[in-house]
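A short write-up of the structure that comes next.
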Amino acid sequence: MSKLDAAFIEHQKQRLEDLRAQLIATGDAAGADESALQTAAGGEPQDEGDDGDRFAQQDADEALLSHNENRLGDINRALEKIADGTYGISDGNGEPIPRERLEAVPETRYTVEEMAERERLAQR
-11 MSKLDAAFIE HQKQRLEDLR AQLIATGDAA GADESALQTA AGGEPQDEGD DGDRFAQQDA
49 DEALLSHNEN RLGDINRALE KIADGTYGIS DGNGEPIPRE RLEAVPETRY TVEEMAERER
109 LAQR
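At the far end of the sequence shown sits residue 112, using our numbering, and the numbering has no gaps.
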């Protein structure tokens, strides 16, 4: 069980709910923007430059969408952990996540050290 006080956990819950709402709104706006771009272009690029710009923007939008979907998953996981009383405990090693890390990244699932190791392994 985490040694975080109830007021801190309630504050984090509110932050997580606010972050979730922002990400969902951003995703809805991105979908509307994509639809508007397709309609404005009539489904056909104006010239090769427009086509390249459109593909570059589409790649950037897809990367942002993927990042936001991953973050939304982490936020939902953190809210589940609050509900079951395990918020602040690493999903990896079961150790407490420092309060400072939770303040900086409320949806974090791992300690700084675990996250660094996961990123290092992912680069292989």
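From the three backbone atoms N, C-alpha and C, an ideal C-beta is built for every residue, glycine too.
Please report how far the alpha carbon of D(-7) lies from the alpha carbon of E91, in whole angstroms.
13 Å
Got a sec, what are the start and stop residues for the alpha helix (DSSP H) L(-8) sits in?
Note, L(-8): premise wrong, no alpha helix (DSSP H); not H, not E.
Tell me the residue span of the alpha helix (DSSP H) that contains E102.
100 to 110
Which residue marks the beginning of the alpha helix (DSSP H) containing R87, and which one marks its end?
87 to 92
Is the beta carbon of L53 sitting closer than 9 Å to the one on R8?
no
Rounded C-alpha distance that separates D41 from I85:
42 Å
Measure from the alpha carbon of E101 to the alpha carbon of each residue in I12, K(-9), S78, then state which is nearest.
S78
Does the Cβ of G76 have 16 or more other Cβ atoms within 10 Å, making it buried, or fewer, making it exposed?
buried
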